[in-house]
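In what follows, a single structure is set out as structure tokens and then discussed.
Numbering (full-length UniProt numbering), first residue to last: 1 to 173.
This is the structure we're talking about:
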């Protein structure tokens, strides 16, 4: 069979394929495998996606858009209740500052929680908060030679050549 001839079962699959699968506020690619598509969500990496797929009882290599509604619902439920399926050390919000609860945030909730934490650090003027305020590196990286924002420090050879050319033109006159 040549590569140019369409297969018999390919058109049926394309009719049933959902190109976008919505979980929370995120549209996931339905043409990718379930595990790979889940990694497009913020807060879900490769390892987390594998745990979610195992908890949902779905084949991780199956195309996400071709799954039945029940299977997609089980994946959505596993994403929303990930902190119940995973060990405590694998979630991204352990012992929240205000509530003291352990949870796993995904999507825009994760971005909002991170922004809120940074603003709290800035308000109490902790070391990390001060570094965030100044726009400097926060996690102990070296700053002597990297992270400079004031512009170039090296010699501008082109400007020197232009000045020399102007001086030479001025001397000739």
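For glycine and all other residues, C-beta sits at the position ideal for the given N, C-alpha and C.
Where the alpha helix (DSSP H) through residue 134 begins and ends: Walking along the chain shown from the start, residue 134 turns up at place 134. Unbroken alpha helix (DSSP H) run through residue 134: 127–134.
Inter-stretch contact at 8 Å, needing at least 3 Cβ pairs: the stretch 34–44 / the stretch 105–120: Contact between the stretch 34–44 and the stretch 105–120 is present: three or more C-beta pairs spanning the two stretches fall below 8 Å.
Inter-residue spacing [alpha-carbon to alpha-carbon] between residue 94 and residue 131: Residue 94 sits at position 94 when you count from the first residue of the chain shown. Residue 131 sits at position 131 when you count from the first residue of the chain shown. Cα to Cα, residue 94 sits roughly 24 Å from residue 131.
Continuous beta strand (DSSP E) stretch holding residue 28: start and end: Within the chain shown, residue 28 is the residue found at index 28, counting from 1. 26–29 is the span of the beta strand (DSSP E), which, as asked, contains residue 28.
Three-pair Cβ contact test at 8 Å for the stretch 46–57 versus the stretch 74–84: yes
Unbroken alpha helix (DSSP H) run spanning residue 44, endpoints: Residue numbering aside, residue 44 sits at position 44 when the chain shown is read from its first letter. Per DSSP, residue 44 belongs to no alpha helix (DSSP H) and is neither H nor E.
Rounded straight-line distance, which links the Cα of residue 67 to that of residue 146: Here the question's residue 146 lines up with position 146 in the chain shown. Here the question's residue 67 lines up with position 67 in the chain shown. Taking the straight line joining both Cα atoms gives about 48 Å.
Exposed unless 16 or more other CB atoms sit within 10 angstroms - verdict on residue 155: Position 155 of the chain shown, counted from the first residue, corresponds to residue 155. With fewer than 16 other Cβ atoms within 10 Å, it is exposed.
Under 8 Å between C-beta atoms of residue 64 and residue 91: Position 64 of the chain shown, counting from 1, holds the residue named residue 64. Position 91 of the chain shown, counting from 1, holds the residue named residue 91. No, the Cβ-Cβ distance between residue 64 and residue 91 is not below 8 Å.
Short Cβ contact (8 Å threshold) for residue 79 with residue 62: Sequence index remark: in the chain shown, residue 79 carries index 79 (1-based). Sequence index remark: in the chain shown, residue 62 carries index 62 (1-based). Cβ atoms of residue 79 and residue 62: not closer than 8 Å.
Residue 83 to residue 119 span [Cα, whole Å]: As a working note, residue 83 is residue 83 in the chain shown. As a working note, residue 119 is residue 119 in the chain shown. If I take the Cα positions, the gap works out to 25 Å.
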